[in-house]
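Following this line, the structure appears as C-alpha cells:
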C-alpha cells in the first residue's frame with residue numbers, strides 16, 4: 032500500500048492490518064508493539080489509546096480475521112442454491128486462500144498454539160470462531176437432511192486441511208478435503 036493510501040485509512044484499521052500481517056508472518060510473540068508502530072505508521076501513544084494492551088490488539092486482529100473468514104465463505108457460497116453446493120464451496124474457498132502468498136495457516140489455530148496456555152481471552156476468541164463455523168456447517172447439513180455427525184466430520188475436514196496446507200506448503204489439502212467431503216455427504220445421504 033502506498034504511503035498516501037496508508038494515511039487515508041483509519042488509524043485503528045491501519046494498526047489491525049499491520050499487526051495481522053506481522054503476526055501472520057512472524058508469530059505473535061516475535062512482534063513487539065514497536066514493529067506494529069513502524070508498519071502501521073501510527074505512534075505508540077495512539078496505538079495504546081486504541082488498544083490498551085497487546086492482548087487487546089491480538090483480540091482485535093482475531094475479530095477482524097473472523098470477519099474476513101465469514102466474508103470469504105459468504106462470497107464463495109453466494110449464488111449457490113443447494114446446501115450441498117454451499118458445503119463443498121467451503122473447500123473451494125480454502126483452495127483459493129491456501130494459494131495466496133500470505134497463507135501461513137489458520138490465525139486462530141496459530142494463536143491458540145502460541146498463546147492458548149497464557150491468555151484465556153485468546154482461547155475464548157478461538158473457540159467462539161470455531162463454534163460459529165461448526166454451527167454454520169451444522170445449519171447447512173440440517174438443510175441438506177444429513178445426520179448431525181456429518182457436520183462435525185465436515186468441519187474437522189476443513190480444520191485439518193488448514194493445518195495440513197500450512198505445514199505442507201501446498202494447497203492440495205483443500206482438494207483432498209473436498210473429495211473426502213463429497214464422499215461423506217454422498218454416503219450420509221445414501
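In my numbering, the protein residues as written are 32 to 221.
Where is the CB? At the ideal position from N, CA and C, for every residue including glycine.
Being a predicted model, the structure only gives us computed values, none of them experimental.
Work out the CA separation of residue j and residue i for me, nearest whole Å.
{"i": "residue 108", "j": "residue 188", "result": "18 Å"}
{"i": "residue 120", "j": "residue 104", "result": "8 Å"}
{"i": "residue 35", "j": "residue 58", "result": "Because the pLDDT of residue 35 is 41, which lies under 50, any placement of that residue in the model is unreliable, and the question is left without a value."}
{"i": "residue 50", "j": "residue 62", "result": "8 Å"}
{"i": "residue 172", "j": "residue 164", "result": "12 Å"}
{"i": "residue 48", "j": "residue 148", "result": "25 Å"}
{"i": "residue 154", "j": "residue 60", "result": "16 Å"}
{"i": "residue 102", "j": "residue 124", "result": "11 Å"}
{"i": "residue 195", "j": "residue 151", "result": "26 Å"}
{"i": "residue 160", "j": "residue 221", "result": "31 Å"}
{"i": "residue 106", "j": "residue 207", "result": "22 Å"}
{"i": "residue 190", "j": "residue 170", "result": "17 Å"}
{"i": "residue 166", "j": "residue 84", "result": "31 Å"}
{"i": "residue 100", "j": "residue 211", "result": "22 Å"}
Hey, residue i and residue j: beta-carbon distance below 7 Å or not?
{"i": "residue 186", "j": "residue 205", "result": "no"}
{"i": "residue 156", "j": "residue 93", "result": "yes"}
{"i": "residue 175", "j": "residue 115", "result": "yes"}
{"i": "residue 138", "j": "residue 96", "result": "yes"}
{"i": "residue 5", "j": "residue 202", "result": "Residue 5 lies beyond the range of the chain shown here (32 to 221); nothing can be said about it."}
{"i": "residue 77", "j": "residue 42", "result": "yes"}
{"i": "residue 209", "j": "residue 134", "result": "no"}
{"i": "residue 136", "j": "residue 91", "result": "no"}
{"i": "residue 88", "j": "residue 82", "result": "yes"}
{"i": "residue 184", "j": "residue 215", "result": "yes"}
{"i": "residue 73", "j": "residue 98", "result": "no"}
Going by C-alpha distance, which of the options is nearest residue i?
{"i": "residue 218", "options": "112, 196, 159, 177", "result": "177"}
{"i": "residue 56", "options": "132, 83, 82, 190", "result": "132"}
{"i": "residue 12", "options": "68, 129, 84, 113", "result": "Given a span of 32 to 221 for the chain in the structure shown, any question on residue 12 remains unanswerable."}
{"i": "residue 142", "options": "110, 86, 212, 113", "result": "86"}
At which residue ranges does the stretch 109-173 contain complete alpha helix (DSSP H) runs of 4 or more residues, listed in the order of the chain? 114-129, 138-146
Segments of 4+ residues assigned as alpha helix (DSSP H) that fall wholly inside the stretch 174-214: 179-199
At 3 residues or longer, what runs of the beta strand (DSSP E) sit wholly inside the stretch 77-107? none
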